[in-house]
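Beneath this line is the structure, given in structure tokens, with notes to follow.
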Amino acid sequence: MITALLVLVAFGSSAQSGYDLWLNYRPMEASVRATQFKAMMSHVYFAGSSPQLQAAREELTRAAKGMLKTAIVNTPADQAQLIIGNIDQIAKRGDILKLSKAERPTGDGFIIRSVTNKGRKAVVVTGGTDLGVLYGVFAFLRHVQTNKDLTNLQITEHPKMMHRILDHWDNPNRSVERGYAGFSIWNWHKLPGYTDPRYTDYARANASVGINGSVLNNVNANVIMLTPAYLAKAKALADVFRPYGIKVYLSIKFSSPIELGKLSTADPLDPQVRKWWKDKVDEIYSVIPDFGGFLVKANSEGQPGPQSYGRTHADGANMLGEALAPHHGIVMWRAFVYDNNVPDDRAKQAYSEFKPLDGKFNDNVIVQVKNGAIDFQPREPFHPLFGAMAKTPLMLEVQLTQEYLGFSTHLVYEAPLFKECLDADTYAKGKGATVAKVLEGTYQPGKLTGMAGVANIGTDLNWCGHPFAQANWYSFGRLAWDPGASAEAIADDWLRMTFTNDKRFIDPIKDHMMRSRENTVNYMTPLGLHHIMSADGHYGPGPWTDKMPRADWTAVYYHKADSLGIGFDRTATGSNAVAQYFPEVRDHFADLSTCPDIYLLWFHHLSWNYKMRSGKTLWDELVDHYYKGAAAVQGMQKVWNGMRPYVDATRYNEVKQLMAVQYDEAIRWRNSCVLYFQTFSKKPIGDQYSKPEHDLQYYRSLHYYNVPGLGTN
Ligand code: GCW
């Protein structure tokens, strides 16, 4: 009985489902910190009562209940030990917090400061706006949750990007394209009449990491979203999100004027079409006054767009931009385009189409570029467009949902993948012009900035399908706020907030999280291989895929394995895609003596006998990576098996079972790829490796029926 009670206290009750995410306010153990925190929560002063401050109060109340088993107690300002308000409100309180003009928080930035208030120790949480205050309160709670010192707080933060947005690929029928965590959390049928409390928890989680926008629907958009009935539903969500600073955006279908407006064309230069969009936008703002704007996938994968009328992406984006500008809305125009004429190399198409349009977009248009030039592969070099658009603001799009990373069955911490892109040097302004600097608007001051993550959220009780997939949502928010943050520090915070502060858990598990993405690359697409997944649903290996409606949807198009060698020659002797980078980067990748192993087969077609840096032949190195990747999953399983004392039974078992699935999958990837490529190399798998259990025929015959994520609208 006593043990049962202790376990309950240690892990909290609802914590076991994972529903609470990282806002998992577990009881604090008795300590100096707990006493300090309790004193603060028992003497709170709120300098205002706006919806954002109200949200902050509710969060503190929730935290006090969870961590201290008490309520917060409001106190007059002069007795307060926790003082919360925006900078103007705090400034009015005289000498509580003295800041020079330069020190004052601006916009949604915040300050958390230890001060002396009428002789008593106190902490002030203040922001440039009320939303900044809410962000500050979440940061303060994170500080408490992660066992940081509370005595001398001196924290100042400002978001480095303006738009930190989750893109939901959710359809009106509640299917989610590439969603692996159940159905869409938007219950369109019950909206607007019923607003699920889950929407508030979604908003809390987002605000806690600084996410300030939500694109509600799939970029493969259904026009129904722009009808009055659905705008009323979107408004209901916007109303729930508003106190948390989250704006609502919609993906639109470019042909809406035809399908909804019954016009004969959607030509962006047609006056009637322009008027239709203007009226539609005015209508949206009459329903949702702080609507964020549109996300557009045009002339890509069958979606209509301006090119259908002989117009450019800029013509299309600017038409929408003009309609949105009077309301301060923005257009996020995607650069993920490949359509019409199949080019010599799909990797080149976005650059080829957008580079000539640099400088031609209106001020409220931002071009949204995927991290790599193909499609969210386990590893891609950074997209050449990041160094190419000197006069056009760009936002980065990353995929949180694990379309190419084993869905929600594989433990893959994606922050190192995001960082690889953010830290990459474009050389656009000489050395040090990293993608992060480009995104932060360093070279185009005053223009739009942002980062988007394709959401991995669904109706699963734990939101993301895999307890560790929550870390991808979390780290996306943290990196959109500050691309300079370290993936490791973020993992540390997330683990502490989500599970426990116990070092015996944090250290080994953080270590495995940090290596998880590389391991997955090793068992899926090592040495720069890409796009060799199964064609039906993208789950599992499919390097043999050779017949598809388009050549650039097959795997053989990308790996180009033959009896002589393997890899896609993107140097001057091949597609020359490498020339889309700045000369320093181009030469680095094009020259075999400098091209990093991780991108080797992305840029080069090499013989099976090619001598690698390790001294091994390319074939042996490839085999080694596949074996190493699968073995690493086994290593992770062993470590997890020892974690039972630190994790509640539910999440412990869930992760354990999913790791077993991941291991089987890793073996399937390894064996399929090694056996398939062996048919070309005709070389042996070294004696040090266990031989594949089955022959290639067997692996080719495996099919997964009804894989999730194929939602259509
Ligand atoms: O990765 C691919 C996906 C498509 C997706 C597309 C895109 C929404 O397989 O499902 O469509 O990218 O980003 O538009």
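In terms of our numbering, the sequence shown is residues 79 to 791. Where is the CB? At the ideal position from N, CA and C, for every residue including glycine.
Exposure of residue i, with buried meaning 16 or more beta-carbon neighbours within 10 Å
i: S779; result: exposed
i: K196; result: exposed
i: S801; result: Summary: the structure shown does not reach residue 801, with the chain confined to residues 79 through 791, and so no result is reported for it.
i: D98; result: buried
i: A466; result: buried
i: Q775; result: exposed
i: R242; result: buried
i: S364; result: exposed
i: Q157; result: exposed
i: G713; result: exposed
i: E107; result: exposed
Residue i beta carbon near the ligand GCW (any heavy atom closer than 7 angstroms)
i: D665; result: no
i: R256; result: yes
i: N300; result: no
i: V297; result: yes
i: E379; result: yes
i: W631; result: no
i: W411; result: no
i: E481; result: yes
i: K375; result: yes
i: F332; result: no
i: D274; result: no
i: F414; result: yes
i: D248; result: no
i: D827; result: Since the first residue of the chain shown is 79 and the last is 791, residue 827 is not available in this structure.
C-beta atoms of residue i and residue j nearer than 8 angstroms
i: F454; j: A502; result: no
i: K588; j: A565; result: no
i: P786; j: Y258; result: yes
i: K311; j: L269; result: yes
i: G643; j: W686; result: yes
i: A657; j: W631; result: no
i: L131; j: I174; result: no
i: G370; j: V326; result: yes
i: W100; j: Q548; result: yes
i: I676; j: R457; result: yes
i: R182; j: A125; result: no
i: A401; j: L478; result: no
i: S120; j: V151; result: yes
i: L472; j: I444; result: yes
i: V409; j: Q427; result: no
i: R748; j: Y704; result: yes
i: G185; j: G144; result: no
i: L500; j: L557; result: yes
i: R664; j: A425; result: no
i: E662; j: T487; result: no
i: G450; j: Y601; result: no
i: G615; j: Y782; result: yes
i: L304; j: I330; result: yes
i: R352; j: Y322; result: no
Three-state secondary structure (DSSP) of residue i
i: F577; result: coil
i: Y617; result: coil
i: L373; result: strand
i: L328; result: strand
i: Y123; result: strand
i: V599; result: helix
i: M626; result: coil
i: M79; result: In this predicted model, M79 has a pLDDT of only 37, less than 50, meaning its place in the structure is not dependable enough to derive any value.
i: W541; result: coil
i: K340; result: coil
i: A502; result: coil
i: Q480; result: coil
i: S671; result: coil
i: I610; result: coil
i: V193; result: strand
i: K638; result: coil
i: V85; result: Its pLDDT being 41, under 50, V85 is placed unreliably by the model, and the measurement read from it follows with that caveat. It is helical.
i: F188; result: strand
i: T204; result: strand
i: R412; result: strand
i: D453; result: coil
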